[in-house]
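Structure first, then comments.
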Amino acid sequence: MSITVCTVSGKGGTGKSTVCSGLAMTAAAGGARVLIIDLDAGFRCLDTIFGIDDRVVFDLADALKEMDIKKALYTSKCYKNIFIIPAPSVKKAIDFNSLCSLIETAKDDYDYIFLDFPAGADFEAYSYFKDAVFLIVTGADAVSPKAAAVISGGLEPNVTARLIINRFDKDMIRAGFYRNIDDIIDTALTRLIGIVPADGELLLISQNHKIKAKGRSAKAFNRIVRRISGEDVFLPDFKKI
Ligand SMILES: Nc1ncnc2c1ncn2[C@@H]1O[C@H](COP(=O)(O)OP(=O)(O)O)[C@@H](O)[C@H]1O
Ligand SMILES: [Mg+2]
Numbered sequence: 011m012s013i014t015v016c017t018v019s020g021k022g023g024t025g026k027s028t029v030c031s032g033l034a035m036t037a038a039a040g041g042a043r044v045l046i047i048d049l050d051a052g053f054r055c056l057d058t059i060f061g062i063d064d065r066v067v068f069d070l071a072d073a074l075k076e077m078d079i080k081k082a083l084y085t086s087k088c089y090k091n092i093f094i095i096p097a098p099s100v101k102k103a104i105d106f107n108s109l110c111s112l113i114e115t116a117k118d119d120y121d122y123i124f125l126d127f128p129a130g131a132d133f134e135a136y137s138y139f140k141d142a143v144f145l146i147v148t149g150a151d152a153v154s155p156k157a158a159a160v161i162s163g164g165l166e167p168n169v170t171a172r173l174i175i176n177r178f179d180k181d182m183i184r185a186g187f188y189r190n191i192d193d194i195i196d197t198a199l200t201r202l203i204g205i206v207p208a209d210g211e212l213l214l215i216s217q218n219h220k221i222k223a224k225g226r227s228a229k230a231f232n233r234i235v236r237r238i239s240g241e242d243v244f245l246p247d248f249k250k251i
């Protein structure tokens with residue numbers, strides 16, 4: 011049985027797709043079978059990140075039309091155990107009832123199913139995934155933690171929502187946006203599950219289609235994957251993130 015993980019944010023560009031991809035790559039490097047469904051219709055960032063741009067013919071809309079996941083399932087260029095369903099090429103409403111049924115047919119085949127949402131607070135769409143872990147991705151800037159609070163405040167109370175502080179750079183704290191990590195958590199009003207560093211390697215993820223297994227980011231993603239799976243993993247001193 012798989013764990014469903016949704017990457018969401020109130021503000022655009024906080025790093026949802028990067029975090030989703032990094033978590034998937036780290037879980038896959040540890041041997042997990044991973045399915046990723048790109049819900050950001052029209053943009054299809056994940057095709058580029060996973061190096062499948064030149065192969066994609068069918069997408070989520072086709073899989074939903076035929077209610078067959080295999081119709082639009084592509085294997086990542088660098089990880090044989092990551093499978094991607096590309097987002098519909100044009101923006102139009104996704105039928106979430108059908109999507110849930112489709113996911114149900116796949117649950118036994120994967121350890122993790124990631125749903126990478128577009129930015130915005132689409133609570134109607136989120137409401138279909140009551141058993142999922144919602145990862146609310148925020149920057150450490152002055153604005154995106156406030157947008158994260160809007161998401162966590164709007165999710166149903168029994169849903170598991172956790173905060174990821176992405177592009178973390180201790181200099182942002184030195185610059186005075188926040189006094190410390192607790193300040194960011196207090197603004198986002200969401201329990202922290204992990205911190206991902208600002209890392210040049212992640213800027214290049216769409217070119218390399220993989221991350222170094224022992225790099226700073228992989229270590230951060232690994233801690234988060236283990237916490238999602240229920241392990242108690244300590245938070246390192248933020249100077250070492
Ligand atoms: N931790 C990080 N370190 C460096 N660059 C990052 C990091 N996270 C995201 N980025 C970069 O920020 C940009 C936006 O990220 P993306 O994942 O597409 O955001 P979103 O999916 O929230 O719109 C991309 O160019 C990506 O490479
Ligand atoms: Mg995205």
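Under this note's numbering, think of the first position of the sequence shown as 11, with each following residue one higher.
All C-beta atoms in this analysis are idealised placements derived from N, C-alpha and C, irrespective of residue type, glycine included.
Please read these numbers as outputs of a predicted model, since none were measured by experiment.
If residue i sits next to residue j, beta carbons under 8 Å apart, how far is it from one beta carbon to the other, in whole angstroms?
i: Gly210; j: Ile234; result: So it is not a contact: roughly 20 Å between Cβ atoms.
i: Ile94; j: Leu70; result: The Cβ separation is near 10 Å, so there is no contact.
i: Phe144; j: Val169; result: 6 Å
i: Ile13; j: Ser239; result: 7 Å
i: Ser27; j: Ile79; result: Actually they are not in contact, since the Cβ atoms of Ser27 and Ile79 sit about 21 Å apart, beyond 8 Å.
i: Val29; j: Ile174; result: 6 Å
i: Ile194; j: Gly32; result: Ile194 to Gly32, Cβ: 20 Å. No contact.
i: Ala38; j: Asn91; result: 5 Å
i: Lys249; j: Lys140; result: Between Lys140 and Lys249 the Cβ distance is about 38 Å, and since that is not below 8 Å, they are no contact.
i: Asn232; j: Thr24; result: That belief does not hold up - the Cβ atoms of Asn232 and Thr24 are roughly 21 Å apart, past 8 Å.
i: Arg43; j: Tyr138; result: About 23 Å separates the two Cβ atoms, so there is no contact after all.
i: Ala129; j: Lys21; result: 6 Å
i: Asp57; j: Pro96; result: 5 Å
i: Tyr84; j: Arg54; result: Between Arg54 and Tyr84 the Cβ distance is about 11 Å, and since that is not below 8 Å, they are no contact.
i: Ala135; j: Gly164; result: The Cβ separation is near 12 Å, so there is no contact.
In the DSSP output, which residue or residues are listed as bridge partners for residue i?
i: Ile13; result: Tyr122
i: Arg172; result: Leu145
i: Thr85; result: Phe93
i: Glu59; result: Reading off the sequence shown, one finds Ile at residue 59, where the question assumed Glu. In DSSP, Ile59 forms no bridge with anything.
i: Pro207; result: Phe178
i: Val18; result: Ile146
i: Val44; result: Ile92, Tyr122
i: Leu202; result: Leu173
Buried or exposed for residue i, going by 16 or more other Cβ atoms inside 10 Å?
i: Lys117; result: exposed
i: Phe124; result: buried
i: Met11; result: exposed
i: Asp126; result: buried
i: Pro167; result: exposed
i: Val18; result: buried
i: Phe133; result: exposed
i: Thr115; result: exposed
i: Gly52; result: exposed
i: Val67; result: exposed
i: Gly61; result: buried
i: Val100; result: exposed
i: Arg201; result: exposed
i: Ala142; result: buried
i: Ala198; result: buried
i: Phe244; result: exposed
i: Pro155; result: buried
i: Met77; result: exposed
i: Leu212; result: buried
i: Ala162; result: As written in the sequence, residue 162 is Ser, which differs from the Ala given in the question. Buried, since its Cβ has 16 or more Cβ neighbours within 10 Å.
i: Ser111; result: exposed
i: Pro207; result: buried
i: Leu74; result: buried
i: Leu49; result: buried
i: Ala103; result: exposed
i: Leu214; result: exposed
Is any heavy atom of ligand 3 found at a distance shorter than 7 Å from the C-beta of residue i?
i: Thr24; result: Here the bound small molecules are ligand 1 and ligand 2; ligand 3 is not part of this structure.
Exercise. Considering only heavy atoms of ligand 2, list every residue whose Cβ is less than 7 Å from one of them, following chain order.
Key: Lys26, Ser27, Asp50, Phe53, Cys55, Asp126, Pro128
Quiz item: Does the region 147–159 come within contact of the region 182–198, defined as at least 3 CB pairs closer than 8 Å?
Solution: yes
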